[in-house]
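Here is the structure we will look at.
Following this line, the structure appears as C-alpha cells:
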C-alpha cells in the first residue's frame, strides 16, 4: 500500500467529531436566528456554539500534529486513531480538552492542549520534527485567519450581532492558543520546534522541568503587567486578521451566560 493510499484510508472523520461539528453548525444557526437578542436562552446557545467550535479547533490542532507525523514516518498515528479527529482517541483527555475548556470558562484564554504521542524515533530529520510541532498552532492560526476573512467580508451589518460577536470571540481564542503554544517553553509546541537544534543535555533538563515551566507560565499570565502585554500582542494580531476588538469583547461577555452584562 502506498503512502498516499494508507493516508487516505486512515483519514476518516469519526462519528464523534462529526457530532461535535454538527453541534457547532446547528448552534451557530440558532444563534444566527436570534439576531440581536441577548436573552438567557440566546446566551446559552452562544456558549454551546463557542465551546463546540473550540473543541473542533482542538481536534484540528491535534490532527495537524498527527498528520505531519504520519507523513514523516510515524505510522502509529493511524493505529492510534489520531487521524480520525476523534477527541476520545487522544491519550490524555484532561490535558488536551478538559483543561483548555476550563481555562476558557475561567478567563477566556485559548489554552493549547497536547495529547498526541509521537514515535520520534521513526522520524528522521530535524526539520520534520520542527514541522510536526508547528503543525498544531498553525492549524489554530489558519482557523483564525478563515474566521477573520468571514468577519471582514460578511459582518457588515449588526442585524446578527450575536452571531458575529460569538465568531469574533472564537477567532480570538484561536489566536491566544497559537501565540501561547508557539512560546519556546518546555511542554509547549514552541519548544518542540526549537528542541531538535538544542544540545541534548539542555533538552533533558528542560524535560525534567517542563510541567513546572508550564504552570509558571500560566501563573505569570495572571500578573497585571504581563497579562496586559500578552493581550496587547493578541489584539494586535486579531486586528491584523480582521477580527473586530469590540465584537470580541461583546462575545466574551455574552459567552459567560452565568454573569449579568450591561452592553450599554
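Numbering (the working numbering), first residue to last: 9 to 272. Note that CB positions come from ideal geometry on N, CA and C, so glycine has one too. Values in this document were obtained by computation on a predicted structure and should not be read as measured data.
Kindly indicate which residue of 168, 225, 229 has the alpha-carbon position closest to the one of residue 38. Measuring from the Cα of residue 38, the nearest candidate turns out to be 168.
If I'm right that residue 131 touches residue 77 with Cβ under 8 Å, what's the distance once you round it to whole angstroms? Between residue 131 and residue 77 a beta carbon distance of about 7 Å is seen, short of the 8 Å cut, so the two are scored as contacting.
Taking residue 65 as part of the alpha helix (DSSP H), name the residues at either end of that continuous run. 48-79
List the whole-angstrom C-beta distance separating residue 182 from residue 118, where the pair is believed to meet the contact cut-off of C-beta under 8 Å. 6 Å
Measuring alpha carbon to alpha carbon, tell me which of 124, 60, 172 ends up nearest residue 88. 124
Going by CA-CA distance only, name the one from 212, 170, 194, 202 that's closest to residue 52. 170
Ignore the nearest five residues each way along the sequence and tell me which others in residue 128's own chain have a CB closer than 7 Å to its CB. 137
Please classify residue 207: does DSSP put it in a helix, a strand, or coil? coil
Is residue 67 closer than 8 Å to residue 23 when the C-beta atoms are compared? no
Contact check, residue 192 vs residue 218 under 8 Å by CB: the rounded distance? About 12 Å separates the two Cβ atoms, so there is no contact after all.
How is residue 359 classed by DSSP in three states: helix, strand or coil? Nothing about residue 359 can be read from this structure; the chain reaches only from 9 to 272.
Quick check: what's the CA-CA separation for residue 233 versus residue 239? 10 Å
Quick check on the burial criterion: 16 or more other C-beta atoms within 10 angstroms. Buried or exposed for residue 253? Exposed, because fewer than 16 other Cβ atoms sit within 10 Å of the Cβ of residue 253.
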